[in-house]
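The structure appears right after this line, and notes come after that.
Number of protein chains: 2
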Amino acid sequence: MAQKEISSAVIERLPRYYRYLDELLEEGVERISSAELSRRMQVTASQIRQDLNHFGGFGQQGYGYNVQSLYKEIGKILGLDRAQNMVIIGGGRLGQALANYVRFEKRGFRVIGIFDRNPDLVGNRVRQCEIQYVGQLEQFLRTHEVEIAALTIPRDEAEEVARLLVNNGIHALWNFAHVDLDLLLPENIVIENVHLSESLMKLSCKLNKDRWLSEE
Amino acid sequence: MAQKEISSAVIERLPRYYRYLDELLEEGVERISSAELSRRMQVTASQIRQDLNHFGGFGQQGYGYNVQSLYKEIGKILGLDRAQNMVIIGGGRLGQALANYVRFEKRGFRVIGIFDRNPDLVGNRVRQCEIQYVGQLEQFLRTHEVEIAALTIPRDEAEEVARLLVNNGIHALWNFAHVDLDLLLPENIVIENVHLSESLMKLSCKLNKDRWLSEE
DNA sequence: TAGATTGTTAATCGATTAACAATC
DNA sequence: TAGATTGTTAATCGATTAACAATC
Numbered sequence: 019m020a021q022k023e024i025s026s027a028v029i030e031r032l033p034r035y036y037r038y039l040d041e042l043l044e045e046g047v048e049r050i051s052s053a054e055l056s057r058r059m060q061v062t063a064s065q066i067r068q069d070l071n072h073f074g075g076f077g078q079q080g081y082g083y084n085v086q087s088l089y090k091e092i093g094k095i096l097g098l099d100r101a102q103n104m105v106i107i108g109g110g111r112l113g114q115a116l117a118n119y120v121r122f123e124k125r126g127f128r129v130i131g132i133f134d135r136n137p138d139l140v141g142n143r144v145r146q147c148e149i150q151y152v153g154q155l156e157q158f159l160r161t162h163e164v165e166i167a168a169l170t171i172p173r174d175e176a177e178e179v180a181r182l183l184v185n186n187g188i189h190a191l192w193n194f195a196h197v198d199l200d201l202l203l204p205e206n207i208v209i210e211n212v213h214l215s216e217s218l219m220k221l222s223c224k225l226n227k228d229r230w231l232s233e234e
Numbered sequence: 019m020a021q022k023e024i025s026s027a028v029i030e031r032l033p034r035y036y037r038y039l040d041e042l043l044e045e046g047v048e049r050i051s052s053a054e055l056s057r058r059m060q061v062t063a064s065q066i067r068q069d070l071n072h073f074g075g076f077g078q079q080g081y082g083y084n085v086q087s088l089y090k091e092i093g094k095i096l097g098l099d100r101a102q103n104m105v106i107i108g109g110g111r112l113g114q115a116l117a118n119y120v121r122f123e124k125r126g127f128r129v130i131g132i133f134d135r136n137p138d139l140v141g142n143r144v145r146q147c148e149i150q151y152v153g154q155l156e157q158f159l160r161t162h163e164v165e166i167a168a169l170t171i172p173r174d175e176a177e178e179v180a181r182l183l184v185n186n187g188i189h190a191l192w193n194f195a196h197v198d199l200d201l202l203l204p205e206n207i208v209i210e211n212v213h214l215s216e217s218l219m220k221l222s223c224k225l226n227k228d229r230w231l232s233e234e
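Residue numbers (this note's numbering), protein chains in the order written: chain A, 19 to 234; chain B, 19 to 234.
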């Protein structure tokens, strides 16, 4: 329990390292130095070494890092070394897009249920999954082991559903609704937000920067 | 041209301010102090004042901020005070989800074209938009004023399409493909990435933290 | 062994918070 | 005017980068 807390800045970067290592693997590269990886990824070699060392000495002096084993280690840190079941609440196009995304499975994420409150959507199939009525969610959670719930529903419905999920043992929410669920739920719940409209606004902000910069 | 560069940390926070101000407007709140907003948003009042002052003195001593006018000002900074045309490349479920998202229109974003290379999708309608064959994209860009392109296509196709877009005058890319387009394109192109699988990995990382924390 | 490259400590840089004078 | 709250400067904190000794 040495609990040396890892900053979220570091965690943010891990998936990107993982992606580049994956590419290196595909290219058949066996070993890589922080300097070479630095060149590819456009981050400093220092940062790479610093980041990785939070989790252990994965490298070897004079050699660098073994691509295969580093890939595996980061995978472990990301929790990709085991299967994790996921449900999707909201069977609209976004929910379907997630359910349909093949790559997730490769990473150990299994969509085992999709739920919606709209009767018109219930019964539709997305890959191997049939959209179920949201009223059956609680019963489903009691009889299945679910780690993660994705919320692809409107913001007004998100809080209520989130509470139901949490009350039934879900610890991780992938939140696409425009609410700050972290302010509404117990602290121990892990939340990752994807706020698409805010992302688009950021893009627009950067694009329009010149307009207000010249004003001042 | 005083070009006092604004840090991306600040820009990251603007859409959230905007969202909270929107809520306050709906609640009919007329004015708000940084202290009160601080309580609601769970950030320091100091940060709020600091952030806003990058763009000008929107507040008034002894009074606070006028919700309506601050909302409008931030909207301007985010580029929401005018219409911006957008095309979506990739007519799959994710592309359709974006095209279908009503809220964007409220913010001035207009989806005026969706393109796909899959003939089965071509001709399908999403709201007022018909999916067109991607071969017609270049011609379309010549005859329409487009500010933003969303890329909801597989990573292998992203680079080529991005180049075509850039060569035809697009300056802003909303990138859902798992490539770092910024490393492949000219520096002046504005890019906002939404890497869904990396977002999911982050969630998983936080959820599985305990496993590797106890090991050390 | 000599060369290369890590792990780790120290220095720098930037962002966040605190404090307070200015002012509505 | 007195009270409240901003705008802004100064202090603190944390994250990034540089440097180098340890070591494969």
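Backbone N, C-alpha and C fix where the C-beta goes; we use that ideal spot for every residue, glycine too.
Check                                                                                                                                                               : Outcome
Does glycine 141/B pass the burial test, meaning 16 or more other C-beta atoms within 10 Å, or should it be called exposed?                                         : exposed
Who are the Cβ neighbours of arginine 125/A in its own chain at under 6 Å, not counting the five residues just before and after it?                                 : Leu98
Would you mind giving the Cβ-Cβ distance between asparagine 103/A and glutamate 156/A, rounded to the nearest angstrom? I have them listed as a contact below 8 Å.  : No, asparagine 103/A and glutamate 156/A are not in contact; Cβ-Cβ is about 16 Å, not under 8 Å.
From the beta carbon of histidine 162/B, is the nearest beta carbon of chain A less than 9 Å away?                                                                  : no
Put arginine 128/A into one of helix, strand or coil per three-state DSSP.                                                                                          : strand
Beta strand (DSSP E) containing alanine 167/A: first to last residue?                                                                                               : 166–169
Under the criterion of a Cβ to heavy atom distance below 8 Å, does glutamine 68/A qualify as lining the ligand MG?                                                  : This structure does not include the ligand MG; it has no bound ligands of any sort.
Strictly below 8 Å CB to CB, what residues from chain B border serine 25/A?                                                                                         : Near serine 25/A there are no residues of chain B at all, since even the closest Cβ is about 12 Å away, more than 8 Å.
Under 9 Å between beta-carbons, which chain A residues line up against isoleucine 166/B? List them in chain order, please.                                          : Leu218, Leu221, Ser222 and Leu225
I need the DSSP call for glutamate 205/B, collapsed to helix, strand or coil.                                                                                       : coil
Which of the three DSSP states, helix, strand or coil, is assigned to aspartate 69/A?                                                                               : helix
Which residues mark the beginning and the end of the beta strand (DSSP E) in which tyrosine 119/A is found?                                                         : Taken as a continuous stretch (DSSP letters only), tyrosine 119/A belongs to no beta strand (DSSP E), as it is neither H nor E.
Could you give the residue range of the alpha helix (DSSP H) that holds glutamine 86/A?                                                                             : 85–95
Just to make sure I have the definition right: I need the residues of chain B whose C-beta is within less than 9 Å of the C-beta of arginine 135/A. Which are they? : Those within 9 Å of arginine 135/A in chain B number zero; the least Cβ separation is about 18 Å.
Work out the CA separation of leucine 139/A and glycine 2/A for me, nearest whole Å.                                                                                : Look at the range of chain A in this structure, 19 to 234, and you will see that residue 2/A is not part of it.
Could you spell out where the beta strand (DSSP E) holding leucine 139/B opens and where it closes?                                                                 : Premise fails: leucine 139/B is in no beta strand (DSSP E) and is neither H nor E.
If you follow the beta strand (DSSP E) that glutamine 102/B is in, where does it begin and where does it stop?                                                      : 102–107
Straight-line CA distance for serine 51/A to valine 120/B?                                                                                                          : 47 Å
List the residues of chain B whose Cβ lies closer than 7 Å to the Cβ of valine 208/A, in chain order.                                                               : Leu221, Lys224 and Leu225
If you measure between the beta carbons of leucine 159/A and isoleucine 92/A, is that distance less than 9 Å?                                                       : no
Work out the CA separation of asparagine 71/B and glutamine 79/B for me, nearest whole Å.                                                                           : 13 Å
Hey, quick one: how far does the alpha helix (DSSP H) through tyrosine 35/A stretch, first residue to last?                                                         : 26–44
Which residue's Cα is closest to the Cα of valine 129/A: Ala117/A, Pro137/A and Asn206/A?                                                                           : Ala117/A
Please report the straight-line C-alpha distance between arginine 49/A and lysine 224/B, rounded to a whole angstrom.                                               : 28 Å
Are glutamate 205/A and alanine 190/A closer than 9 Å when you measure CB to CB?                                                                                    : no
Please classify asparagine 185/B: is it buried, with 16 or more other beta-carbons within 10 angstroms of its beta-carbon, or exposed?                              : exposed
Give the residues of chain B in contact with glutamine 114/A, contact being defined as C-beta atoms less than 7 Å apart.                                            : Arg111
Quick one: which chain B residues come within Cβ less than 8 Å of glutamate 30/A?                                                                                   : Lys220
Taking the alpha carbon of valine 85/B as the point to measure from, which residue in Leu201/B, Glu54/B and Asn226/B has its own alpha carbon closest?              : Glu54/B
Checking the sheet assignment: what are the DSSP bridge partners for tryptophan 230/A?                                                                              : Note: tryptophan 230/A sits in no beta bridge, so no partner.
Is DSSP giving leucine 98/B helix, strand or coil here?                                                                                                             : coil
If I'm right that isoleucine 107/A touches alanine 168/A with Cβ under 8 Å, what's the distance once you round it to whole angstroms?                               : 7 Å
May I ask which residues mark the beginning and end of the alpha helix (DSSP H) holding leucine 55/A?                                                               : 52–59
Output the boundary residues of the alpha helix (DSSP H) element that contains glutamine 150/B.                                                                     : Not the alpha helix (DSSP H): glutamine 150/B falls in the beta strand (DSSP E), residues 147–151.
If we ignore side chains and look at the alpha-carbon of each, how far apart do isoleucine 148/B and glycine 131/B end up?                                          : A small fix is needed here, since residue 148/B is glutamate in this sequence, not isoleucine. Cα to Cα, glutamate 148/B sits roughly 7 Å from glycine 131/B.
Closest to valine 28/B by CA distance: which of Glu45/B, Phe73/B, Arg58/B and Gly46/B is it?                                                                        : Phe73/B
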